[in-house]
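Sequences listed follow chains F and R, in order. So the mapping is simple: our numbering equals the position in the first sequence, first residue as 1, plus 97. So the mapping is simple: our numbering equals the position in the second sequence, first residue as 1, plus 203. No residue lacks a Cβ here, since even glycine has one placed at the ideal position from N, Cα and C. Data first, discussion second: the structure below is written as structure tokens.
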Amino acid sequence: MNKDTLITRLRELLPAATPEGSGEWAVLPLPGGEWHAWAGRLRDDAVLQLDYLFCLTCVDWKTRLTMVYHLGSSRHNEALVIKIDLDREQPSVPSVSDIWRTAEFHEREVYELFGVDFPGHPDLRLLILPEGWEGKNPLRKDFEDPVNMIKL
Amino acid sequence: MLTDDAAIEKQPAGSPPAAGPGSFPGQVHPVPGGGILVSKLDEVINWARSNSLWPLVFGTSCCAIEMMSTASAKYDWSRFGFEVARATPRQADVIIIAGTIVNKMAPVLKRLYDQMAEPKYVIAMGACATSGGPFFYNTYSVVKGADHVIPVDVYIAGCPPRPEALLHAMITLQEKIRSGLTREQIRMEKPDQPTP
Numbered sequence: 098m099n100k101d102t103l104i105t106r107l108r109e110l111l112p113a114a115t116p117e118g119s120g121e122w123a124v125l126p127l128p129g130g131e132w133h134a135w136a137g138r139l140r141d142d143a144v145l146q147l148d149y150l151f152c153l154t155c156v157d158w159k160t161r162l163t164m165v166y167h168l169g170s171s172r173h174n175e176a177l178v179i180k181i182d183l184d185r186e187q188p189s190v191p192s193v194s195d196i197w198r199t200a201e202f203h204e205r206e207v208y209e210l211f212g213v214d215f216p217g218h219p220d221l222r223l224l225i226l227p228e229g230w231e232g233k234n235p236l237r238k239d240f241e242d243p244v245n246m247i248k249l
Numbered sequence: 204m205l206t207d208d209a210a211i212e213k214q215p216a217g218s219p220p221a222a223g224p225g226s227f228p229g230q231v232h233p234v235p236g237g238g239i240l241v242s243k244l245d246e247v248i249n250w251a252r253s254n255s256l257w258p259l260v261f262g263t264s265c266c267a268i269e270m271m272s273t274a275s276a277k278y279d280w281s282r283f284g285f286e287v288a289r290a291t292p293r294q295a296d297v298i299i300i301a302g303t304i305v306n307k308m309a310p311v312l313k314r315l316y317d318q319m320a321e322p323k324y325v326i327a328m329g330a331c332a333t334s335g336g337p338f339f340y341n342t343y344s345v346v347k348g349a350d351h352v353i354p355v356d357v358y359i360a361g362c363p364p365r366p367e368a369l370l371h372a373m374i375t376l377q378e379k380i381r382s383g384l385t386r387e388q389i390r391m392e393k394p395d396q397p398t399p
């Protein structure tokens, strides 16, 4: 399987999808609502076999948040990037920690740094930040910390 | 202090010993059957201290890679007396702050420094340990210079500094130790001065 067959397979699975393949990896924007069901299908699909979530992060665009999932296939040595736009005021996306176990830590990190809620996560609490940080999300673009931050 | 004849023969009578960085601070006065070594005890102690500095195994980011390289065969800091890197602060003399110090690490660094026995020395390696470096602006988590936490003797510029720069800083620290008082001695001699 290469990038083209991956995109072809994505179009078969999801006719409404708009996968894009100009970069190194294929990129597939998805709506957040059906993400959990799609995540399971992408992992278990006989052609794709995206069995490895090797990066889970978030981007603050100031007007919205974008969740970015990098899925890898250890069988085919091919990767797919999933992007899910979230509402910046009430960001919430279903947890995929039951599908890719590694997401459990990654989602806790995104939870503390960006304030994204992950319904379905077994243990959503701070990962690295010290106690008392709940509600302050230091990787949001509008984060202010007058004690520790020197603004440029 | 009596020295053996062989050592005396290398020194022409009356001439000072070969002066250079790291040479023994003293002079040999030849007498029949040997020689008398004249020196100051403080200088001898400082000379001994400067030539046997044991660093603490402490690295918080990429500068630690350069520090490891400095310890390895190509640069080999054991040539200057640094070979015994210690994994416990109780046995270390110098702490090389090799990397970024974040707010969460700062109390750990302070504690390690407090656990080291006097006299103790600190080298701030690289931009992060000196000033926060690339994390100076718009960062919530980085200490803007390790000297906010513990006193620093020698700073090294670079991001990360090359092993040669670290060696230069270590030799500079040795010269600093040889040329003067330790912080401990300064504290004892001038009790009115606030401790650094």
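Taking all protein chains shown into account, do 16 or more other C-beta atoms lie within 10 angstroms of the C-beta of R/GLY238, making it buried, or fewer, making it exposed? Position 35 of the second sequence, counting from 1, holds the residue named residue 238 of chain R. Its Cβ being crowded by 16 or more others within 10 Å, R/GLY238 is buried.
Is the Cβ-Cβ distance between F/ILE225 and R/LYS347 less than 9 Å? Within the first sequence, residue 225 of chain F is the residue found at index 128, counting from 1. Within the second sequence, residue 347 of chain R is the residue found at index 144, counting from 1. One thing to note: F/ILE225 has its Cβ no nearer than 9 Å to the Cβ of R/LYS347.
Rank F/GLU117, F/ASN174, F/ARG161 by C-alpha distance to the C-alpha of F/ARG185 and give the top, closest one. One-based indexing of the first sequence puts residue 185 of chain F at position 88. Comparing Cα-Cα distances from F/ARG185 to each of F/GLU117, F/ASN174, F/ARG161, the minimum goes to F/ARG161.
When the cut-off is 9 Å and only beta carbons count, does F/LEU249 lie next to chain R? Numbered from its first residue, the first sequence carries residue 249 of chain F at position 152. With 9 Å as the cut-off, F/LEU249 counts as an interface residue toward chain R.
Cα-Cα separation between F/LEU107 and F/TYR166, rounded to whole angstroms: By one-based count along the first sequence, residue 107 of chain F stands at place 10. By one-based count along the first sequence, residue 166 of chain F stands at place 69. CA-CA distance, F/LEU107 to F/TYR166, rounds to 16 Å.
Where DSSP assigns a beta bridge to R/VAL146, which residues make up the other side? Only positions 204 to 399 of chain R appear in the structure, and residue 146 of chain R is not among them; the question remains open.
Between the alpha carbons of R/GLU367 and R/THR342, how many angstroms are there, rounded? For the purposes of this step, residue 367 of chain R is identified with residue 164 of the second sequence, where counting begins at 1. For the purposes of this step, residue 342 of chain R is identified with residue 139 of the second sequence, where counting begins at 1. Here the C-alpha atom of R/GLU367 lies approximately 30 Å from the C-alpha atom of R/THR342.
Using a C-beta to C-beta distance shorter than 9 Å, which residues of chain R count as neighbours of F/PHE202? Working through the first sequence from its first residue, we reach residue 202 of chain F at position 105. For F/PHE202, there are no neighbours in chain R by C-beta distance under 9 Å, as the nearest C-beta there is about 17 Å away.
Quick check: what's the CA-CA separation for R/VAL355 versus R/ILE298? In the second sequence, the residue the question calls residue 355 of chain R occupies position 152. In the second sequence, the residue the question calls residue 298 of chain R occupies position 95. Roughly 9 Å separates the two Cα atoms.
Check the Cβ of F/ASP242 against every Cβ in chain R and list those closer than 7 Å, keeping chain order. What you label residue 242 of chain F is simply residue 145 of the first sequence in a count that begins at 1. Ordered by position in chain R, the residues that pass the 7 Å Cβ test against F/ASP242 are TYR343.
Same chain, Cβ closer than 8 Å to R/ARG293, five either side skipped, listed in chain order: Within the second sequence, residue 293 of chain R is the residue found at index 90, counting from 1. GLN318, MET319, ALA320, listed in sequence order.
Counting only beta-carbon separations shorter than 9 Å, does R/LYS347 have a partner in chain F? Residue mapping note: residue 347 of chain R aligns to position 144 of the second sequence, counting from 1. The beta-carbon of R/LYS347 is placed less than 9 Å from the nearest beta-carbon of chain F.
From F/THR163 to F/TRP132, what does the alpha carbon distance come to, in whole angstroms? On the first sequence, residue 163 of chain F is found 66 positions in, with the first residue counted as 1. On the first sequence, residue 132 of chain F is found 35 positions in, with the first residue counted as 1. Cα to Cα, the separation comes out at about 13 Å.
CB F/LEU145 to CB F/LEU103, shorter than 9 Å? For the purposes of this step, residue 145 of chain F is taken as the residue at position 48 of the first sequence. For the purposes of this step, residue 103 of chain F is taken as the residue at position 6 of the first sequence. Contact flag set, yes.
Determine the contact status of F/ASN234 and F/LEU210, defining contact as a CB-CB distance below 9 Å. Against the first sequence, residue 234 of chain F aligns to sequence position 137. Against the first sequence, residue 210 of chain F aligns to sequence position 113. Yes, Cβ-Cβ distance for F/ASN234 and F/LEU210 is below 9 Å.
Quick one: Cα of F/PHE202 to Cα of F/TRP135, how far? Translated into the one-based positions of the first sequence, residue 202 of chain F becomes position 105. Translated into the one-based positions of the first sequence, residue 135 of chain F becomes position 38. Inter-residue distance for F/PHE202 and F/TRP135 is about 21 Å (C-alpha atoms, whole angstroms).
Name, please, each residue of chain F whose Cβ falls closer than 9 Å to the Cβ of R/LYS313. Stepping through the second sequence from its first residue, residue 313 of chain R is reached at position 110. Taking the beta carbon of R/LYS313 as reference, no residue of chain F falls within 9 Å; the closest one sits roughly 16 Å away.
Does DSSP put R/GLN318 in a helix, a strand or coil? The residue given as residue 318 of chain R occupies position 115 in the second sequence. Helix.
Hey, could you find the ends of the beta strand (DSSP E) F/GLU175 is sitting in? On the first sequence, residue 175 of chain F is found 78 positions in, with the first residue counted as 1. It spans 175–183 - the beta strand (DSSP E) in which F/GLU175 sits, taken as one unbroken run.
Extent of the continuous alpha helix (DSSP H) run through R/ILE268: Taking the first residue of the second sequence as position 1, residue 268 of chain R is located at position 65. Under the DSSP assignment, R/ILE268 falls in the alpha helix (DSSP H) whose first and last residues are 266–274.
Does chain R have any CB closer than 9 Å to the CB of F/PRO235? Along the first sequence, read from residue 1 onward, the residue named residue 235 of chain F stands at position 138. Yes, F/PRO235 counts as interfacial toward chain R.
Taking the CB atoms as reference points, tell me whether R/PRO258 and R/ARG282 lie closer together than 9 Å. The residue labelled residue 258 of chain R in the question sits at position 55 within the second sequence. The residue labelled residue 282 of chain R in the question sits at position 79 within the second sequence. Contact flag unset, no.
Distance CB(F/GLU117)-CB(F/PRO128) smaller than 9 Å: If you number the first sequence from 1, residue 117 of chain F lands on position 20. If you number the first sequence from 1, residue 128 of chain F lands on position 31. No.
Straight-line Cα distance separating R/THR291 from R/LEU369: Taking the second sequence and counting its residues from 1, the one referred to as residue 369 of chain R is at position 166. Taking the second sequence and counting its residues from 1, the one referred to as residue 291 of chain R is at position 88. Going by the C-alpha atoms only, they are around 21 Å apart.
Within the continuous beta strand (DSSP E) that includes F/ALA123, where are the two ends? As a position in the first sequence, residue 123 of chain F is number 26, starting the count at 1. In the DSSP assignment, F/ALA123 falls within the unbroken beta strand (DSSP E) covering 123–127.
One or two residues paired with R/VAL234 in a DSSP bridge: Translated into positions along the second sequence, residue 234 of chain R becomes position 31. R/GLY237.
Going by CA-CA distance only, name the one from F/VAL178, F/GLU204, F/TRP122 that's closest to F/SER192. The residue given as residue 192 of chain F occupies position 95 in the first sequence. Selected option, being the one with the closest Cα: F/GLU204.
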